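Have a look at the structure below, then the notes.
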Amino acid sequence: MSLPANAMRLETIGLTKRFGDFVALDGVSIKVQPGTVHALLGENGAGKSTLVKCLSGYHAADAGALILDQREQTLASPTDARRLGIGMVYQHFTVVPGMTVAENLLLATGELPGIVRWPRVRAELAAFMQSTPFQLDLDARPVDLSAGQKQKLEILKQMRLRPRLLILDEPTSVLTPQEADEVLGALRSRAHAGECSIILITHKFREVLAYADEVSVLRRGLHVASAPVSTVTQASLAQQMVGEAVSATLPIERQATPAAPARLVIHDLHAHGDRGTPALQGFSLDVAAGEIVGVAGVSGNGQRELMQALTGQRRILEGSIHVAGTPFRGTRTQNRELAVRSLPEEPLLNACVPEMSLADNLSLRTFDEPAFAHLGWRKPGALRSLAATAIAAFGVRTRGPDEAIRQLSGGNIQRVVLARELSGRADLLLVSNPTFGLDFAATRDIHRRLLEARNAGCAVLLISEDLDELMLLADRIAVISAGRVVLTCPAAGADRQALGAAMGGIPHDYPPPVQLSETEIAA
Amino acid sequence: MNDIVLPVLWAVLGGAIRVGTPFLFVSLGECLTEQSGRINLGLEGVLVLSSMAAFGGAYLSGSPWIGVMAAMLAGALLAGVHGVLCGLRRVNDIAMGIAVMMLGTGLAFYLGKPLIQPQAPTLAPIMLGSTSSSAQLQAALSINPLFPLGVLIALALAWLLANTRWGLIVRMVGDSADAARAQGLSVNRVRTLATMAGGAIAGLGGASLSLFYPGSWNELLSSGQGLIAIALVIFARWRPLACLWASLLFGGAGALGPALQSVGINGAYYLFNAVPYALTLLILVLACTPYRRLQGAPSELSVQR
Numbered sequence: 024m025s026l027p028a029n030a031m032r033l034e035t036i037g038l039t040k041r042f043g044d045f046v047a048l049d050g051v052s053i054k055v056q057p058g059t060v061h062a063l064l065g066e067n068g069a070g071k072s073t074l075v076k077c078l079s080g081y082h083a084a085d086a087g088a089l090i091l092d093q094r095e096q097t098l099a100s101p102t103d104a105r106r107l108g109i110g111m112v113y114q115h116f117t118v119v120p121g122m123t124v125a126e127n128l129l130l131a132t133g134e135l136p137g138i139v140r141w142p143r144v145r146a147e148l149a150a151f152m153q154s155t156p157f158q159l160d161l162d163a164r165p166v167d168l169s170a171g172q173k174q175k176l177e178i179l180k181q182m183r184l185r186p187r188l189l190i191l192d193e194p195t196s197v198l199t200p201q202e203a204d205e206v207l208g209a210l211r212s213r214a215h216a217g218e219c220s221i222i223l224i225t226h227k228f229r230e231v232l233a234y235a236d237e238v239s240v241l242r243r244g245l246h247v248a249s250a251p252v253s254t255v256t257q258a259s260l261a262q263q264m265v266g267e268a269v270s271a272t273l274p275i276e277r278q279a280t281p282a283a284p285a286r287l288v289i290h291d292l293h294a295h296g297d298r299g300t301p302a303l304q305g306f307s308l309d310v311a312a313g314e315i316v317g318v319a320g321v322s323g324n325g326q327r328e329l330m331q332a333l334t335g336q337r338r339i340l341e342g343s344i345h346v347a348g349t350p351f352r353g354t355r356t357q358n359r360e361l362a363v364r365s366l367p368e369e370p371l372l373n374a375c376v377p378e379m380s381l382a383d384n385l386s387l388r389t390f391d392e393p394a395f396a397h398l399g400w401r402k403p404g405a406l407r408s409l410a411a412t413a414i415a416a417f418g419v420r421t422r423g424p425d426e427a428i429r430q431l432s433g434g435n436i437q438r439v440v441l442a443r444e445l446s447g448r449a450d451l452l453l454v455s456n457p458t459f460g461l462d463f464a465a466t467r468d469i470h471r472r473l474l475e476a477r478n479a480g481c482a483v484l485l486i487s488e489d490l491d492e493l494m495l496l497a498d499r500i501a502v503i504s505a506g507r508v509v510l511t512c513p514a515a516g517a518d519r520q521a522l523g524a525a526m527g528g529i530p531h532d533y534p535p536p537v538q539l540s541e542t543e544i545a546a
Numbered sequence: 142m143n144d145i146v147l148p149v150l151w152a153v154l155g156g157a158i159r160v161g162t163p164f165l166f167v168s169l170g171e172c173l174t175e176q177s178g179r180i181n182l183g184l185e186g187v188l189v190l191s192s193m194a195a196f197g198g199a200y201l202s203g204s205p206w207i208g209v210m211a212a213m214l215a216g217a218l219l220a221g222v223h224g225v226l227c228g229l230r231r232v233n234d235i236a237m238g239i240a241v242m243m244l245g246t247g248l249a250f251y252l253g254k255p256l257i258q259p260q261a262p263t264l265a266p267i268m269l270g271s272t273s274s275s276a277q278l279q280a281a282l283s284i285n286p287l288f289p290l291g292v293l294i295a296l297a298l299a300w301l302l303a304n305t306r307w308g309l310i311v312r313m314v315g316d317s318a319d320a321a322r323a324q325g326l327s328v329n330r331v332r333t334l335a336t337m338a339g340g341a342i343a344g345l346g347g348a349s350l351s352l353f354y355p356g357s358w359n360e361l362l363s364s365g366q367g368l369i370a371i372a373l374v375i376f377a378r379w380r381p382l383a384c385l386w387a388s389l390l391f392g393g394a395g396a397l398g399p400a401l402q403s404v405g406i407n408g409a410y411y412l413f414n415a416v417p418y419a420l421t422l423l424i425l426v427l428a429c430t431p432y433r434r435l436q437g438a439p440s441e442l443s444v445q446r
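As they're listed, the protein sequences go chains L and F.
Each residue of the first sequence is one higher than the one before, counting from 24 in the working numbering.
Each residue of the second sequence is one higher than the one before, counting from 142 in the working numbering.
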């Protein structure tokens, strides 16, 4: 095999990075062959991001060496890395939201001419885009683009610089399976053509097995294994990643619950997004007592607005929400009377008062009830003992009930909110992305709590962008696309491809929601 | 009928330019500042201080154009204070803007005390209507020499923001500070410079207050025009050319009272004088809803996040 012209060979030797006492990266040595796709696999906090930040000049390693094309290099800044041909596509979007695609692509080069001759620049950009697998409208603004299109713009920005090594940090987390296939397939063929080498950070086994040539697994800052993808299996990778044999099993049993009438009925819901554009366009869904209904979809298809409409944070333009037969407006009184509880995404932002103590946050729903207040005065003793009980019952790791809640880690904040929402009676639980950014143990713990609530007869609406989570937990799955339900089916035996297709390319003239029966799914 | 409508129309048109010119400069200055992602409520203070500086400069030097220079310099310096202080950690640009507004007016009152009595040389108008026989037409078409400059700045700003390295950088900083930092740009430096340039442009508005219309210096000169101009930027959706039309609209509204008075309609003089303020309220009510973000607003503005 002849050595590819542009692609870079990269080797790290004993790379180590400490933050205070915490060792984020502990003597990691990996090799990336030129013209290949190298996957980096690991849980949250395993050190993947730290490693690539050392490679792209954002962190200076404390020990170890970096060898690019057989020459040792030190990267003092991202500019150094860029000069050597290392490009990085971040997990969060770095596009400028209010400027056009053409302007974004021009800015990305970092070499702006004093006066931009737009006709010439546009012709150049159009020709450049023709040479890539992605086509975007030069005049579109990222605020109006889908997540998938924004991700393509991020990759285009890097490709424009003709990098010799392209690092992608979870590039497919906001894409439909079809979009992910398109993006990763295109990148792999570029690598195999010798144009660049690629490091792909991911936690999706499917992508590693389908698109990577080699894979390295990190666990708690340590390099666990590296191997050609042809020699590994999903089971072996999973075991290396978490350190023990695990499979996607339920943390507790799913008990049979009796058929029940619908507790939550959403009918023909319409609502606008933040910019006044339609976000929910005729969303209808029922949730019965004792079942978990999962709402699957690609981020930005109305999930956020749905949760806000349900919890009273967003005005409803049309349609209705009924809980136990009563029109529901999400007021505090109604939440109490109908036992509606919610676990919104980003709980520190949406369900907590960050500066208040853990005890105060735990009592937000109940502090004015007779048990905790007398004649308008709070009973601090009762509040503190409530907090102590919740901390113990939900395994919250904290310095005590008086600690400000913003000091806690994401998983512990999630546990506190869950403790508050599940204390007392809960007949309806509204949940949105409950395990986003949490580690394996915290995720499993939260899954168990949700199932317990379901088994106890609570109706659970679970909005999640993690399809695996929904297929594991839900009784039924509804797919949301462009603000309405385009497919509902039982979760048991649901077909990933069918769900993925529904999540993505549904044409504008929507067919009515398809109700797949068990037999059709099996077929 | 024509005896009333035509003169009022001419007076409103002339007034639109005469009264609208300070609005134009302040709104262009604020437009540039906000495109870089920062709000400068202090432009009201800049307007008052720079009108004092213009008057003082013209009085001391005998040349109104030196007064104009002094106004721009004073505007840039006061806005620079805002720019630098807002770059510090945990400083809120709204609160700082109010402080700068009070600092500017306070400084102007203190330094401007000796300037209330004397007469300074004012800017000579451009007489577009000199061939006309109608006195009203002549009055309406004697144009503030700074107004064409304002139109030029509006055109230039629109072109610069869309077509130059400098404009793209200002807009990138205003729309995504993270992206700008990733490019190795100093967000604070860009914002401070944009704020100072905005202050210099707004200073021209002060000069046209004290050196053209009304053409004297006193403490009630601005009466909140700087704040109205800041609201105009929202109405204009952060587009420099729209700032021009919005300023003319507000100038015309402000000239309505005097125009009606000049043809003998005195009935609701004060009511008509309040039209620009009512218009500001109306526009803000119509333009803003709690249910969506404003189109065209730079994402980094503290009120957008």
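Even for Gly, the Cβ is constructed at its ideal location relative to N, Cα and C.
Fair warning: this is a prediction, and the values are worked out from it, not measured in the lab.
Residues near F/G221 by beta carbon distance below 8 Å, same chain, minus five either side
Cβ neighbours of F/G221 within its own chain (closer than 8 Å, five residues either side excluded): T333, T336, M337 and G340.
Got a sec? Which residues, its chain only, sit under 7 Å from F/C227 by beta carbon, not counting five neighbours each side?
Once the five neighbours on either side are set aside, the close Cβ partners of F/C227 are R179, D234 and M237.
Taking the straight line between their C-alpha atoms, what separation do you get for L/H290 and L/D383?
Straight-line Cα distance between these residues: approximately 36 Å.
Cα-Cα separation between F/L229 and F/V328, rounded to whole angstroms
Straight-line Cα distance between these residues: approximately 12 Å.
Check whether the Cβ atoms of F/F455 and F/Q366 lie closer than 8 Å to each other.
With chain F covering only 142 through 446, there is no way to say anything about residue 455 of chain F.
Pick from F/I342, F/D316 and F/S275: whose alpha carbon is nearest that of F/F288?
That would be F/I342, whose Cα lies nearest to the Cα of F/F288.
Taking Cβ-Cβ distances shorter than 9 Å, what residues in chain F pair up with L/V139?
Per Cβ cutoff of 9 Å: A303, N304, T305, R306, G308 and L309.
Identify, in the order they occur along the chain, each residue of the same chain with its Cβ nearer than 7 Å to the Cβ of F/Y251, setting aside the five sequence neighbours on each side.
So no residue of the chain qualifies.
I'd like the ranges of any beta strand (DSSP E) spanning at least 3 consecutive residues and lying wholly in the stretch 313-361 of chain F.
If one requires a minimum length of 3 residues, no beta strand (DSSP E) run lies completely within the stretch 313-361 of chain F.
Same chain, Cβ closer than 7 Å to L/A268, neighbours up to 5 away in sequence not counted
Since pLDDT at L/A268 reaches only 42, below the 50 mark, its modelled position is unreliable, and the value read off the structure follows with that caveat. Closer than 7 Å at the Cβ level, and outside the excluded window around L/A268, lie Q262.
Taking buried to mean at least 16 other C-beta atoms within 10 Å of its own C-beta, is L/E230 buried or exposed?
Within a 10 Å sphere around the beta-carbon of L/E230 sit 16 or more other beta-carbons, which makes this residue buried.
Residues in its own chain within less than 8 Å of L/R164 by CB, not counting five upstream and five downstream?
Cβ neighbours of L/R164 beyond the five flanking positions: P120, G121, M122, T123 and V124.
Taking three-plus beta-carbon pairs below 8 Å as touching, is the stretch 202-215 of chain F in contact with the stretch 149-156 of chain F?
With the cut-off at 8 Å, the stretch 202-215 of chain F and the stretch 149-156 of chain F do not touch.
Short check: CB of L/A482 to CB of L/E314, under 8 Å?
Yes, the Cβ-Cβ distance between L/A482 and L/E314 is below 8 Å.
Based on the DSSP output, what are the partners of L/K76 in its beta bridges?
DSSP output for L/K76 lists no bridge partner at all.
Measuring alpha carbon to alpha carbon, tell me which of L/D92, L/E193 and L/G506 ends up nearest L/G320.
Among L/D92, L/E193 and L/G506, the Cα nearest to that of L/G320 belongs to L/G506.
Just to confirm, are L/L490 and L/R519 a CB contact at a threshold of 8 Å?
With respect to L/R519, L/L490 sits close: the two C-beta atoms are nearer than 8 Å.
When the cut-off is 8 Å and only beta carbons count, does L/A378 lie next to chain F?
The sequence given here has Glu at residue 378 of chain L, not Ala. No, L/E378 lies away from the interface with chain F (no Cβ there is under 8 Å from its Cβ).
Which class does L/D491 belong to by DSSP, given the choice of helix, strand or coil?
Three-state result, L/D491: helix.
Please state if the CB of L/I339 and the CB of L/A347 are separated by a distance shorter than 8 Å.
Not closer than 8 Å, so no.
Beta-carbon neighbours of L/M122, restricted to chain F and to distances below 8 Å
Neighbours of L/M122 in chain F, taken as residues whose beta carbon is under 8 Å from its own, are L309, R312, M313 and D316 in chain order.
Under 8 Å (Cβ pairs) to chain L, residues found in the stretch 273-299 of chain F
Hits within the stretch: zero.
Considering only their Cβ atoms, is the gap separating L/V310 from L/R286 smaller than 8 Å?
Going by C-beta atoms, L/R286 is nearer than 8 Å to L/V310.
If you follow the alpha helix (DSSP H) that F/F376 is in, where does it begin and where does it stop?
Element bounds for F/F376: Q366 to F376.
Can you check whether the CB of L/K40 is closer than 8 Å to the CB of L/H82?
In contact: L/H82 and L/K40 (Cβ atoms closer than 8 Å).
Flag L/L135 as yes if its beta-carbon sits less than 8 Å from any beta-carbon of chain F, otherwise no.
With its beta carbon less than 8 Å from one in chain F, L/L135 belongs to the interface.
Just curious, the alpha helix (DSSP H) that F/P205 is in, first and last residue?
For F/P205, the enclosing alpha helix (DSSP H) begins and ends at P205 to C227.
Taking the straight line between their C-alpha atoms, what separation do you get for L/S270 and F/L301?
Confidence in L/S270 is poor, its pLDDT being 48 and thus under 50, which makes the residue's placement unreliable; the coordinate value appears in the next sentence. Those two C-alpha atoms are separated by around 58 Å.
Expressed to the nearest angstrom, what Euclidean distance is found between the alpha-carbon atoms of L/R211 and L/Q172?
CA-to-CA, the gap between L/R211 and L/Q172 works out to about 19 Å.
Is it the case that the Cβ atoms of F/V167 and F/A348 are separated by a distance below 8 Å?
In this structure, F/V167 lies away from F/A348, with their beta-carbon atoms at least 8 Å apart.
At what residues does the alpha helix (DSSP H) containing L/G418 begin and finish?
For L/G418, no alpha helix (DSSP H) encloses it, and the DSSP letter there is neither H nor E.
L/V119 versus chain F: which residues are under 7 Å apart at the beta carbon?
Residues of chain F passing the Cβ test: M313, D316, S317 and A320.
Limits of the beta strand (DSSP E) - the one that L/L371 falls within:
Looking at the DSSP string, L/L371 is not in any beta strand (DSSP E); the run it does join, the alpha helix (DSSP H), is P370 to N373.
Cβ-based burial, L/S343 [other Cβ within 10 Å; buried from 16]:
With fewer than 16 Cβ atoms within 10 Å of its Cβ, L/S343 is classed as exposed.
I need the boundaries of the beta strand (DSSP E) containing F/C429, first residue and last residue.
Run containing F/C429: none; DSSP gives neither H nor E here.
Would you tell me roughly how many angstroms separate the C-alpha atoms of L/P101 and L/G50, rounded to the nearest one?
Taking the straight line from one Cα to the other gives about 22 Å.
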